[in-house]
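Position 1 of the sequence shown, counted from 1, bears residue number 11 in my numbering, the numbering being contiguous throughout.
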Amino acid sequence: MNDKDLLEDILLTVKGASDLYLHGTIESSTPNVHSAFDKALCDSLEMQNQIYSKMAAKGWYPSEQADQNKINQAKQKFSAQQ
């Protein structure tokens, strides 16, 4: 397994953990449980960002710039609904 594949696997795992921590935070029934899940969520999001940044720096996670016209259309659509 090469470095790119390894980081992709780790990133997917951390994203899955973040989702679980989010639901744990939302559904927690006591302040202590909420705090524990919230801390784990913040830590996993930071880890996810670090992995993404390393992959993006190596060109392993390319992203496209959003088309400004599409952004403006979405803004107009949702501002008209308010």
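Glycine included, every Cβ here is placed at the ideal spot set by N, Cα and C.
Reduced DSSP category for T23 - H, G, I as helix; E, B as strand; rest coil
Indexing the sequence shown from 1 puts residue 23 at position 13. DSSP places T23 in helix when its eight states are reduced to three.
If I measure Cβ to Cβ from I20 and keep anything under 8 angstroms in the same chain, skipping five residues before and after, which residues do I get?
Position 10 of the sequence shown, counting from 1, holds the residue named residue 20. Answer for I20: I61, listed in chain order.
Helix, strand or coil for E74? Go by DSSP, reduced to three states.
Position 64 of the sequence shown, counting from 1, holds the residue named residue 74. Coil at E74, not helix or strand.
Range covered by the alpha helix (DSSP H) that runs through S45
Counting from 1 along the sequence shown, the entry for residue 45 is found at position 35. In this chain, the alpha helix (DSSP H) harbouring S45 covers 41-67.
Using the C-alpha atoms, what's the distance from S63 back to S54?
What you label residue 54 is simply residue 44 of the sequence shown in a count that begins at 1. What you label residue 63 is simply residue 53 of the sequence shown in a count that begins at 1. Near 14 angstroms, if we compare the C-alpha coordinates of S63 and S54.
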